[in-house]
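Each number in my numbering corresponds to the 1-based position in the sequence shown with 41 added.
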Amino acid sequence: MTQLRTSIGLAAAAVLALTSTACGGDGESGGDGDTPLIGVILPDSASSDRWETADRRYLEAAFDAAGVDYDIQNAQGSREDFQTIAEQMLTSGVNVLITVNLDSGTGATVIENAKAQGVATIDYDRLTEGGGADYYVSFDNEAVGRLQGEGLVQCLEGVENPLVAELNGSPTDNNATLFKNGYDSVLDPLYESGEFTKGPDEWVPDWDNATGGTIFDQMLTDTGAEIDGVLAANDDLAHAVITVLERNGLNGTVPVTGQDATLQGLQNILTGDQCMTVYKAIEEEANAAAELAVALANGEKPETDFSVTDPVTEDEVPAVLLDPLSVTAENIQAVIDDGYVAYADLCAGDYAALCDEAGLTE
Ligand code: BGC
């Protein structure tokens, strides 16, 4: 990973040196002809806090530092808006289009249109299957899932033959499949050996939290409230699960996993309602995407140390894959130290005492 970051970093440094005499970005409107214009489409703001609170600000900072123009928009979960925004961006003359697809079908259409107009594309965080983007920038998502599986196993230590429920992400998000491959690689052998019992296992369309809560409510009813641990694919689904557990007086006794190290996820860890989360350094992801975008806008195609195979076309997509970090009550400080979540936000009000107990500092 270090090697990879270095090579991308060097390429970007060279690119930045070349473009540093061009006008700085205004962060808003179209390019002035010389300054590259980068378009970014985020997926929504409901399935995870990360998109608006982390990805947007880190991408903005990276583009500002590179002195390029940019236009970052959010499709708010609408496939139609996703496509309309893409068309508008192509019309406005973006040099590079960075997208987080809502599903591979609509994502691939957008990439195809971009390609037809000679616009380079980057799959950001989610791979567009059958899309053929120039690059894919993400985390090692099976590793994310493995951390979740291992985290749950640890949280269930001492529980005899626990019944585990799995609440997976969206079936149309390639990442959700990778996360599941990761945690099932840890849990399946335990189910097979009889150490753990496999309980209900369901996908949540579009990562919708409300649907996730409804599905989990049903899981709890169907098992006679016998669920001992929940593999929830991200912090927002975890929160939906915790809300249901709370109504049943079970929060804090049934461990729940998560992902994204959201403010709410970390606060749920502080209260003991959530057992772990996975922190992904979005700043590094945003920086890598911005560096590649600037290079592409300048007609370069830097090498990456990784590639992933598109499951539809079987073509290799050059990739940046970053390392995730498992976070429990023991190491929340790492997330604060990284500037991802502010101590003042995390430890506000009633959480102050819990932060003290956990030994957290600014
Ligand atoms: C991302 C997660 C996020 C989820 C829901 C996934 O593709 O990798 O970080 O929680 O989508 O938005």
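C-beta atoms are modelled at their ideal positions from N, C-alpha and C, and glycine is treated no differently.
Quiz prompt | Where the alpha helix (DSSP H) containing L208 begins and where it ends | solution = Annotation for L208: no alpha helix (DSSP H) segment contains it, though the beta strand (DSSP E) segment containing it runs 204-209.
Exercise. Could you tell me the boundaries of the beta strand (DSSP E) in which N115 lies?
Key: 110-115
Practice problem: Return yes when the Cβ of Q189 is within less than 7 Å of the Cβ of Y224, no when it is not. | Solution: yes
Quiz item: What's the C-alpha gap between D356 and D263?
Solution: Computed Cα separation, rounded: 43 Å.
Exercise. Hey, could you find the ends of the beta strand (DSSP E) S145 is sitting in?
Key: Where S145 is concerned, there is no enclosing beta strand (DSSP E), although the alpha helix (DSSP H) it sits in stretches over 145-157.
Quiz item: If you draw a straight line from the C-alpha of L291 to the C-alpha of A370, how long is it?
Solution: 19 Å
Exercise. Could you check how far apart the C-beta atoms of V353 and E170 are, in whole angstroms? I think they sit under 8 Å.
Key: 5 Å
Practice problem: Indicate the three-state DSSP secondary structure (helix, strand or coil) for L304 in the structure shown. | Solution: helix
Quiz item: Just how far apart, CA to CA, sit E325 and A360?
Solution: Spanning the two alpha carbons is a distance of roughly 14 Å.
Quiz item: S367: buried (16+ other C-beta within 10 angstroms of its C-beta) or exposed?
Solution: Result: buried.
Exercise. Give a single yes or no on whether T112 has its beta carbon closer than 6 Å to a heavy atom of ligand 1.
Key: For clarity, residue 112 is Asp in the given sequence; the question names Thr instead. No, the beta carbon of D112 sits no closer than 6 Å to any heavy atom of ligand 1.
Practice problem: Check whether the Cβ of D247 sits closer than 6 Å to any heavy atom of ligand 1, and report yes or no. | Solution: no
Quiz item: Along the chain, which unbroken stretches of the beta strand (DSSP E) at least 3 residues long are found entirely within the stretch 187-271?
Solution: Whole beta strand (DSSP E) segments, 3+ residues: 204-209, 238-244.
Quiz item: With distances taken between CB atoms, is the gap from G240 to I283 smaller than 7 Å?
Solution: no
Exercise. Report the three-state DSSP secondary structure of D75 (helix, strand or coil).
Key: coil
Quiz item: Would DSSP call Y381 helix, strand or coil?
Solution: coil
Practice problem: Please determine if the stretch 331-344 and the stretch 148-156 are in contact, where contact requires at least 3 C-beta pairs separated by less than 8 Å. | Solution: no
Self-check item: Unbroken stretches of the beta strand (DSSP E), 3 residues or longer, contained in the stretch 316-340
Solution: 318-320
Quiz item: How would you label V245, buried or exposed, when you count the other beta carbons within 10 angstroms and need 16 or more for buried?
Solution: buried
Practice problem: Report all residues from its chain with a CB closer than 6 Å to the CB of V141; omit the five preceding and five following residues, and keep chain order. | Solution: For V141, where only same-chain residues beyond five positions count, the Cβ hits under 6 Å are L83, P84, Y165, D166, R167.
Quiz item: So is D144 buried or exposed if we call it buried at 16+ other beta carbons inside 10 Å?
Solution: buried
Quiz item: Pairing CB atoms from the stretch 298-310 with CB atoms from the stretch 387-401, are three or more of them under 8 Å?
Solution: Touching, yes, given that three or more Cβ pairs across the two stretches are closer than 8 Å.
Practice problem: Consult DSSP for T140 and reduce its assignment to one of helix, strand or coil. | Solution: strand
Quiz item: How many angstroms separate the CA atom of H280 from the CA atom of G306?
Solution: 7 Å
Quiz item: What residues in its chain sit with their C-beta under 8 Å from that of D181, if we drop five residues either side in the sequence?
Solution: L362, L363, D364, P365
Quiz prompt | Enclosing alpha helix (DSSP H) for E398 [first to last residue] | solution = First-last of the alpha helix (DSSP H) with E398: 392-398.
Quiz item: Can you tell me whether DSSP reads T402 as helix, strand or coil?
Solution: coil
Quiz item: According to the Cβ coordinates, are A327 and G299 closer than 7 Å?
Solution: no
Quiz item: Which residues in the same chain have their Cβ closer than 6 Å to the Cβ of T162, if we skip the five residues on either side of it in sequence?
Solution: Hits under 6 Å: L138, I152, A155, A174, D175.
Quiz item: In or out: F104 buried (at least 16 other Cβ within 10 Å) or exposed?
Solution: buried
Quiz item: Is any heavy atom of ligand 1 found at a distance shorter than 6 Å from the C-beta of D301?
Solution: At least one heavy atom of ligand 1 is nearer than 6 Å to the Cβ of D301, so yes.
Self-check item: Beta-carbon proximity of D277 to S89, cut-off 7 Å
Solution: Cβ distance < 7 Å, so D277 and S89 count as in contact.
Exercise. Report buried or exposed for G254, applying the criterion of at least 16 other Cβ atoms within 10 angstroms of its Cβ.
Key: buried
Quiz item: When the Cα atoms are used, what is the spatial distance from G270 to A206?
Solution: Using only the alpha carbons, I get a separation of about 6 Å.
Quiz prompt | Nearest neighbour of D314, chosen from L208, V297, G186, V135 [CA to CA] | solution = V297
Quiz prompt | Under the three-state DSSP convention, the category C388 falls into | solution = coil
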